[in-house]
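Following: one structure in C-alpha coordinates, then a few remarks.
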Amino acid sequence: MSSATQLSDSFAVGVNQTYGPKLGLCTGIGIGSTDADDARLFPDGVPSLWKIGGTAGAPSFNASANPSLTYNTPVGYVKALADIPNGGSQGTWVNNTGKTVKAGKYFWGTGSTATKYVTPGPPPGVGVGLTTPSTAAVRNALLNSSWEVRYYFTPALWNNQSADGFGGMAGNFSVAQIGWYITRTQNTRLITITIGKGSTGSTAVNKTYPAWADPLAKWLRFTYTPTPPNGVVDFLWSDDGSTWTDMGTLPLGTGGLAGTPTPASIWFGGQAPGFNTTPGSFYRFEFRSPINGPILAGVDLAQAIAGASACVGLAGEVWTVTGSGSAIQ
0 MSSATQLSDS FAVGVNQTYG PKLGLCTGIG IGSTDADDAR LFPDGVPSLW
50 KIGGTAGAPS FNASANPSLT YNTPVGYVKA LADIPNGGSQ GTWVNNTGKT
100 VKAGKYFWGT GSTATKYVTP GPPPGVGVGL TTPSTAAVRN ALLNSSWEVR
150 YYFTPALWNN QSADGFGGMA GNFSVAQIGW YITRTQNTRL ITITIGKGST
200 GSTAVNKTYP AWADPLAKWL RFTYTPTPPN GVVDFLWSDD GSTWTDMGTL
250 PLGTGGLAGT PTPASIWFGG QAPGFNTTPG SFYRFEFRSP INGPILAGVD
300 LAQAIAGASA CVGLAGEVWT VTGSGSAIQ
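The sequence shown: position 201 = 200 (numbering that gives the first Met the number 0), numbered continuously.
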(Lines of atoms letter the chains of each structure in order from A and count residues from 1; the text may use other names and numbers.)
(Lines give C-alpha, C1' and ligand atoms only; values in the text may rest on other atoms or scores of the structure.)
Protein backbone atom coordinates (compact mmCIF):
# COMPACT_ATOMS: atom_id res chain seq x y z
CA MET A 1 0.00 0.00 0.00
CA SER A 2 1.35 3.37 -0.88
CA SER A 3 2.30 5.33 2.23
CA ALA A 4 0.31 8.27 0.84
CA THR A 5 -2.95 6.29 1.02
CA GLN A 6 -4.94 6.70 4.26
CA LEU A 7 -7.67 4.16 4.92
CA SER A 8 -10.36 4.26 7.58
CA ASP A 9 -10.59 1.51 10.19
CA SER A 10 -13.64 0.16 8.40
CA PHE A 11 -11.48 -1.02 5.50
CA ALA A 12 -10.14 -4.50 6.20
CA VAL A 13 -7.65 -6.49 4.11
CA GLY A 14 -7.11 -10.17 4.81
CA VAL A 15 -5.54 -13.27 3.32
CA ASN A 16 -7.70 -16.18 2.19
CA GLN A 17 -5.78 -19.45 2.10
CA THR A 18 -7.43 -22.18 0.08
CA TYR A 19 -6.28 -25.78 -0.27
CA GLY A 20 -6.64 -27.23 -3.73
CA PRO A 21 -6.01 -30.95 -4.27
CA LYS A 22 -2.41 -31.44 -5.44
CA LEU A 23 -2.01 -27.67 -5.65
CA GLY A 24 -0.98 -26.87 -2.07
CA LEU A 25 -1.90 -23.67 -0.30
CA CYS A 26 -2.81 -20.70 -2.46
CA THR A 27 -3.44 -17.17 -1.28
CA GLY A 28 -5.90 -14.50 -2.27
CA ILE A 29 -6.78 -11.06 -1.01
CA GLY A 30 -10.15 -10.30 0.55
CA ILE A 31 -11.55 -6.82 1.16
CA GLY A 32 -14.57 -5.94 3.27
CA SER A 33 -15.99 -3.73 5.98
CA THR A 34 -15.75 -4.26 9.72
CA ASP A 35 -17.90 -1.15 10.37
CA ALA A 36 -20.07 1.02 8.18
CA ASP A 37 -18.96 4.51 7.15
CA ASP A 38 -20.98 7.62 7.90
CA ALA A 39 -19.73 9.33 4.74
CA ARG A 40 -18.67 7.96 1.39
CA LEU A 41 -14.95 7.14 1.34
CA PHE A 42 -14.80 5.26 -1.98
CA PRO A 43 -16.76 5.53 -5.24
CA ASP A 44 -20.08 3.81 -4.57
CA GLY A 45 -22.22 1.73 -6.87
CA VAL A 46 -19.26 0.52 -8.94
CA PRO A 47 -18.70 -3.26 -8.78
CA SER A 48 -15.00 -4.04 -8.66
CA LEU A 49 -12.42 -6.64 -7.79
CA TRP A 50 -9.22 -5.68 -6.04
CA LYS A 51 -5.79 -7.03 -6.78
CA ILE A 52 -2.27 -6.39 -5.55
CA GLY A 53 -0.17 -4.28 -7.85
CA GLY A 54 2.81 -1.99 -7.54
CA THR A 55 4.44 1.12 -8.94
CA ALA A 56 8.06 2.15 -8.55
CA GLY A 57 8.68 -0.71 -6.16
CA ALA A 58 5.91 0.30 -3.75
CA PRO A 59 2.97 -2.10 -3.32
CA SER A 60 -0.51 -0.73 -3.97
CA PHE A 61 -4.07 -1.94 -4.44
CA ASN A 62 -5.86 -1.47 -7.75
CA ALA A 63 -9.54 -1.92 -8.53
CA SER A 64 -10.38 -4.12 -11.50
CA ALA A 65 -13.82 -4.58 -13.07
CA ASN A 66 -12.56 -7.80 -14.73
CA PRO A 67 -12.08 -10.30 -11.90
CA SER A 68 -9.58 -13.08 -11.79
CA LEU A 69 -11.50 -16.35 -11.63
CA THR A 70 -9.27 -17.72 -8.87
CA TYR A 71 -9.37 -16.83 -5.16
CA ASN A 72 -11.13 -13.49 -5.59
CA THR A 73 -14.55 -12.32 -4.46
CA PRO A 74 -16.36 -9.38 -6.06
CA VAL A 75 -16.96 -6.44 -3.73
CA GLY A 76 -18.98 -3.28 -4.15
CA TYR A 77 -19.00 -0.14 -2.01
CA VAL A 78 -22.67 0.76 -1.55
CA LYS A 79 -24.95 3.00 0.48
CA ALA A 80 -27.59 1.19 2.51
CA LEU A 81 -31.04 2.39 1.43
CA ALA A 82 -32.58 0.70 4.47
CA ASP A 83 -31.25 -1.18 7.52
CA ILE A 84 -29.43 -4.32 6.30
CA PRO A 85 -28.91 -7.10 8.88
CA ASN A 86 -25.74 -9.16 8.84
CA GLY A 87 -26.12 -11.69 6.04
CA GLY A 88 -28.74 -9.55 4.35
CA SER A 89 -28.23 -7.95 0.97
CA GLN A 90 -28.92 -4.87 -1.06
CA GLY A 91 -29.24 -5.88 -4.67
CA THR A 92 -26.16 -7.92 -5.52
CA TRP A 93 -24.19 -7.04 -2.39
CA VAL A 94 -24.26 -8.97 0.92
CA ASN A 95 -23.56 -7.43 4.33
CA ASN A 96 -20.84 -9.51 6.05
CA THR A 97 -19.78 -6.94 8.64
CA GLY A 98 -21.16 -9.05 11.50
CA LYS A 99 -23.70 -6.37 12.43
CA THR A 100 -26.61 -4.42 10.99
CA VAL A 101 -25.67 -1.63 8.59
CA LYS A 102 -28.03 1.27 9.25
CA ALA A 103 -29.81 3.13 6.49
CA GLY A 104 -27.66 5.87 5.00
CA LYS A 105 -24.36 4.21 5.95
CA TYR A 106 -21.76 3.01 3.43
CA PHE A 107 -20.15 -0.44 3.45
CA TRP A 108 -18.23 -2.94 1.32
CA GLY A 109 -20.59 -5.73 0.31
CA THR A 110 -19.55 -9.05 -1.17
CA GLY A 111 -20.99 -10.63 -4.30
CA SER A 112 -20.37 -13.58 -6.58
CA THR A 113 -19.07 -13.88 -10.12
CA ALA A 114 -21.50 -14.85 -12.85
CA THR A 115 -21.29 -17.67 -15.40
CA LYS A 116 -23.90 -16.70 -17.98
CA TYR A 117 -26.50 -14.30 -19.32
CA VAL A 118 -29.95 -15.91 -19.47
CA THR A 119 -32.72 -14.87 -21.87
CA PRO A 120 -36.40 -15.76 -21.36
CA GLY A 121 -38.48 -18.28 -23.23
CA PRO A 122 -39.82 -20.10 -24.93
CA PRO A 123 -41.59 -18.21 -26.36
CA PRO A 124 -38.77 -15.71 -26.93
CA GLY A 125 -38.85 -12.13 -25.76
CA VAL A 126 -38.62 -9.17 -28.12
CA GLY A 127 -35.80 -6.63 -27.95
CA VAL A 128 -34.01 -8.52 -25.18
CA GLY A 129 -30.22 -8.87 -24.96
CA LEU A 130 -26.91 -7.51 -23.74
CA THR A 131 -26.07 -4.34 -25.66
CA THR A 132 -23.14 -1.98 -26.06
CA PRO A 133 -22.69 1.04 -28.34
CA SER A 134 -20.55 0.28 -31.37
CA THR A 135 -17.16 1.97 -31.53
CA ALA A 136 -15.35 3.73 -34.35
CA ALA A 137 -12.89 0.81 -34.42
CA VAL A 138 -15.70 -1.71 -35.00
CA ARG A 139 -17.37 0.42 -37.66
CA ASN A 140 -14.08 1.01 -39.46
CA ALA A 141 -13.36 -2.74 -39.44
CA LEU A 142 -16.78 -3.54 -40.91
CA LEU A 143 -16.13 -1.26 -43.85
CA ASN A 144 -12.41 -1.63 -44.49
CA SER A 145 -11.18 -5.02 -43.33
CA SER A 146 -11.95 -8.69 -42.86
CA TRP A 147 -13.78 -9.41 -39.61
CA GLU A 148 -15.48 -12.16 -37.65
CA VAL A 149 -17.98 -12.75 -34.85
CA ARG A 150 -17.88 -15.65 -32.39
CA TYR A 151 -20.77 -16.72 -30.13
CA TYR A 152 -20.62 -19.27 -27.31
CA PHE A 153 -24.05 -20.20 -25.98
CA THR A 154 -26.64 -22.88 -25.20
CA PRO A 155 -30.06 -22.23 -26.76
CA ALA A 156 -33.10 -23.74 -25.08
CA LEU A 157 -33.60 -25.72 -28.30
CA TRP A 158 -31.19 -26.14 -31.20
CA ASN A 159 -34.13 -27.06 -33.41
CA ASN A 160 -36.05 -23.95 -32.42
CA GLN A 161 -39.83 -23.87 -32.68
CA SER A 162 -40.11 -20.20 -33.63
CA ALA A 163 -37.87 -17.79 -35.53
CA ASP A 164 -35.37 -15.92 -33.39
CA GLY A 165 -31.91 -14.34 -33.37
CA PHE A 166 -28.92 -14.27 -31.05
CA GLY A 167 -26.71 -11.38 -32.12
CA GLY A 168 -25.87 -8.56 -34.43
CA MET A 169 -25.25 -4.88 -35.00
CA ALA A 170 -28.50 -4.02 -36.66
CA GLY A 171 -31.00 -1.22 -36.57
CA ASN A 172 -32.66 -0.70 -39.93
CA PHE A 173 -30.83 -1.85 -43.04
CA SER A 174 -33.36 -0.03 -45.22
CA VAL A 175 -31.62 3.23 -44.24
CA ALA A 176 -28.29 2.10 -45.71
CA GLN A 177 -26.75 0.72 -42.51
CA ILE A 178 -23.57 -1.36 -42.47
CA GLY A 179 -23.74 -4.16 -39.92
CA TRP A 180 -24.91 -7.75 -39.43
CA TYR A 181 -27.49 -9.85 -37.63
CA ILE A 182 -27.95 -13.60 -37.20
CA THR A 183 -31.28 -15.43 -37.23
CA ARG A 184 -32.59 -18.97 -36.89
CA THR A 185 -35.46 -20.33 -38.97
CA GLN A 186 -37.94 -22.46 -37.02
CA ASN A 187 -37.90 -26.25 -37.31
CA THR A 188 -35.06 -26.35 -39.85
CA ARG A 189 -31.74 -25.81 -37.98
CA LEU A 190 -31.09 -23.14 -40.63
CA ILE A 191 -28.94 -20.23 -39.39
CA THR A 192 -28.70 -17.07 -41.49
CA ILE A 193 -26.31 -14.14 -41.33
CA THR A 194 -27.62 -10.97 -42.93
CA ILE A 195 -25.09 -8.24 -43.71
CA GLY A 196 -26.09 -4.65 -44.23
CA LYS A 197 -24.10 -3.31 -47.16
CA GLY A 198 -24.78 0.39 -46.80
CA SER A 199 -25.63 2.03 -50.10
CA THR A 200 -26.25 -1.37 -51.73
CA GLY A 201 -28.85 -2.61 -49.23
CA SER A 202 -28.36 -5.97 -47.53
CA THR A 203 -27.74 -9.59 -48.41
CA ALA A 204 -28.08 -12.90 -46.56
CA VAL A 205 -26.50 -16.36 -46.68
CA ASN A 206 -27.23 -19.43 -44.55
CA LYS A 207 -26.28 -22.98 -43.65
CA THR A 208 -28.12 -25.92 -42.07
CA TYR A 209 -26.40 -26.96 -38.85
CA PRO A 210 -26.04 -30.47 -37.35
CA ALA A 211 -28.82 -32.01 -35.23
CA TRP A 212 -27.17 -31.29 -31.85
CA ALA A 213 -28.75 -32.56 -28.64
CA ASP A 214 -30.36 -30.23 -26.09
CA PRO A 215 -29.04 -28.66 -23.99
CA LEU A 216 -25.56 -28.44 -25.47
CA ALA A 217 -23.17 -25.47 -25.57
CA LYS A 218 -21.48 -24.66 -28.90
CA TRP A 219 -19.31 -21.99 -30.43
CA LEU A 220 -20.66 -20.54 -33.69
CA ARG A 221 -18.34 -18.41 -35.80
CA PHE A 222 -18.99 -16.30 -38.88
CA THR A 223 -16.19 -14.64 -40.86
CA TYR A 224 -16.42 -11.94 -43.53
CA THR A 225 -13.71 -11.44 -46.16
CA PRO A 226 -14.01 -8.56 -48.67
CA THR A 227 -13.07 -10.84 -51.56
CA PRO A 228 -14.13 -9.31 -54.91
CA PRO A 229 -16.66 -8.78 -56.21
CA ASN A 230 -19.03 -8.77 -53.20
CA GLY A 231 -17.39 -10.45 -50.22
CA VAL A 232 -17.49 -13.98 -48.80
CA VAL A 233 -18.85 -15.43 -45.51
CA ASP A 234 -17.50 -18.60 -43.88
CA PHE A 235 -19.50 -20.69 -41.37
CA LEU A 236 -17.68 -22.58 -38.57
CA TRP A 237 -18.59 -24.26 -35.29
CA SER A 238 -16.64 -25.70 -32.35
CA ASP A 239 -17.03 -27.52 -29.04
CA ASP A 240 -14.15 -25.73 -27.34
CA GLY A 241 -13.55 -22.49 -29.26
CA SER A 242 -10.19 -23.78 -30.44
CA THR A 243 -10.73 -26.63 -32.92
CA TRP A 244 -13.19 -25.55 -35.62
CA THR A 245 -15.36 -27.47 -38.07
CA ASP A 246 -15.56 -25.46 -41.30
CA MET A 247 -18.95 -25.75 -43.00
CA GLY A 248 -17.79 -23.85 -46.08
CA THR A 249 -17.97 -20.38 -47.58
CA LEU A 250 -20.75 -18.63 -49.46
CA PRO A 251 -20.44 -15.52 -51.66
CA LEU A 252 -22.55 -12.49 -50.86
CA GLY A 253 -24.94 -10.90 -53.33
CA THR A 254 -24.37 -7.96 -55.65
CA GLY A 255 -22.44 -4.97 -54.30
CA GLY A 256 -19.84 -4.79 -51.56
CA LEU A 257 -20.00 -2.85 -48.31
CA ALA A 258 -20.04 0.88 -48.99
CA GLY A 259 -20.96 4.08 -47.19
CA THR A 260 -20.56 5.38 -43.65
CA PRO A 261 -21.36 2.81 -40.90
CA THR A 262 -24.16 3.88 -38.56
CA PRO A 263 -23.21 3.93 -34.84
CA ALA A 264 -25.81 1.29 -33.91
CA SER A 265 -25.63 -0.90 -30.80
CA ILE A 266 -24.08 -4.37 -30.78
CA TRP A 267 -26.34 -7.10 -29.35
CA PHE A 268 -25.54 -10.46 -27.72
CA GLY A 269 -28.31 -12.89 -26.81
CA GLY A 270 -30.72 -10.91 -28.97
CA GLN A 271 -30.62 -8.65 -32.01
CA ALA A 272 -32.53 -5.38 -31.83
CA PRO A 273 -35.98 -4.06 -30.90
CA GLY A 274 -38.62 -5.83 -32.95
CA PHE A 275 -36.67 -9.10 -33.28
CA ASN A 276 -37.39 -12.23 -31.26
CA THR A 277 -34.57 -13.18 -28.88
CA THR A 278 -33.09 -16.67 -28.80
CA PRO A 279 -34.02 -18.18 -25.40
CA GLY A 280 -31.07 -19.78 -23.62
CA SER A 281 -27.79 -19.20 -21.79
CA PHE A 282 -25.04 -17.04 -23.29
CA TYR A 283 -21.41 -17.17 -22.18
CA ARG A 284 -19.08 -15.24 -24.50
CA PHE A 285 -19.11 -13.06 -27.61
CA GLU A 286 -16.18 -11.71 -29.65
CA PHE A 287 -15.91 -9.28 -32.57
CA ARG A 288 -12.43 -9.58 -34.10
CA SER A 289 -10.73 -7.79 -36.96
CA PRO A 290 -8.97 -8.90 -39.01
CA ILE A 291 -9.96 -12.58 -38.87
CA ASN A 292 -8.11 -14.20 -35.91
CA GLY A 293 -7.04 -10.69 -34.95
CA PRO A 294 -7.56 -8.68 -31.76
CA ILE A 295 -10.94 -8.41 -30.04
CA LEU A 296 -12.45 -4.99 -30.77
CA ALA A 297 -15.64 -5.69 -28.81
CA GLY A 298 -16.85 -8.62 -26.76
CA VAL A 299 -18.05 -9.89 -23.43
CA ASP A 300 -17.21 -12.86 -21.18
CA LEU A 301 -19.94 -13.52 -18.61
CA ALA A 302 -17.45 -15.31 -16.35
CA GLN A 303 -15.99 -11.83 -15.77
CA ALA A 304 -19.36 -10.32 -14.82
CA ILE A 305 -20.98 -10.06 -11.40
CA ALA A 306 -24.15 -12.06 -10.77
CA GLY A 307 -27.25 -9.89 -10.56
CA ALA A 308 -25.59 -6.84 -12.08
CA SER A 309 -27.40 -4.75 -14.66
CA ALA A 310 -24.20 -4.15 -16.65
CA CYS A 311 -20.68 -5.53 -17.06
CA VAL A 312 -17.35 -4.50 -18.56
CA GLY A 313 -16.50 -5.95 -21.97
CA LEU A 314 -13.33 -7.49 -23.36
CA ALA A 315 -12.23 -4.20 -24.97
CA GLY A 316 -13.22 -2.00 -22.01
CA GLU A 317 -16.72 -1.22 -23.29
CA VAL A 318 -19.83 -1.46 -21.07
CA TRP A 319 -22.54 -4.04 -21.81
CA THR A 320 -26.04 -3.37 -20.44
CA VAL A 321 -28.92 -5.77 -19.78
CA THR A 322 -31.70 -4.62 -22.12
CA GLY A 323 -35.37 -5.69 -22.18
CA SER A 324 -37.35 -7.58 -19.56
CA GLY A 325 -36.97 -11.09 -18.22
CA SER A 326 -33.23 -11.55 -18.81
CA ALA A 327 -30.48 -11.59 -16.20
CA ILE A 328 -26.76 -12.01 -15.57
CA GLN A 329 -26.46 -15.12 -13.36
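Think of the CB as a built atom: it goes at the ideal place given N, C-alpha and C, for glycine as much as any other residue.
Counting only residues of its own chain and dropping the five nearest sequence neighbours on each side, Ser133 has a CB closer than 7 Å to the CB of Met168, Pro262, Ala263, Ser264 and Ile265. By the neighbour-count definition (other C-beta atoms within 10 Å, threshold 16), Ala81 is an exposed residue.
Of all C-beta pairs linking the region 125-140 to the region 185-194, fewer than three are shorter than 8 Å, placing the two stretches out of contact. Rounded to whole angstroms, Thr224 and Phe106 show a C-alpha spacing of 51 Å.
Counted as a single uninterrupted DSSP element, the alpha helix (DSSP H) harbouring Leu142 occupies residues Ala135 to Asn143. Positions of the beta strand (DSSP E) runs, each at least 3 residues long and wholly inside the region 235-317, are given as 243-250, 264-267, 279-287, 294-299 and 309-311 in order along the chain. Here Asp163 is buried. Its C-beta has 16 or more other C-beta atoms within 10 Å.
Gly252 is positioned such that its CB atom lies no closer than 9 Å to that of Phe234.
Non-local beta-carbon contacts of Val317 in its own chain, meaning distances under 8 Å to residues more than five positions away in sequence, involve Thr131, Ala309, Cys310 and Val311 in chain order. By the neighbour-count criterion, in which 16 or more other beta carbons inside 10 Å mark a residue as buried, Ala113 falls on the buried side. Measuring C-alpha to C-alpha distances from Gly86 to each of Gly269, Ser323, Lys98 and Ala79 identifies Lys98 as the nearest.
In the three-state DSSP reduction, Thr202 falls in the strand class (E or B). The Cβ-Cβ distance between Tyr180 and Tyr282 does not fall below 9 Å. Of Trp157, Thr321 and Gly108, the smallest CA-CA separation from Ala210 is found for Trp157.
Contact check for Leu141 against Gly103 fails: the beta carbons are separated by 9 Å or more. Residue environment: Thr118 is assigned as buried (16 or more neighbouring CB atoms within 10 Å of its CB, all protein chains considered). The beta carbons of Gly166 and Gln270 sit about 7 Å from each other, so the pair counts as a contact at 8 Å.
By the Cβ neighbour-count rule, Leu215 is exposed, with fewer than 16 other Cβ atoms within 10 Å of its own. Setting aside the 5 residues that flank it on each side, Gly258 is surrounded in the same chain by Ala175, Ile177, Gly197 and Ser198, each with a C-beta closer than 7 Å to its C-beta; the list follows chain order.
In the assembly as shown, Gly292 is an exposed residue. Its beta-carbon has fewer than 16 other beta-carbons within 10 Å.
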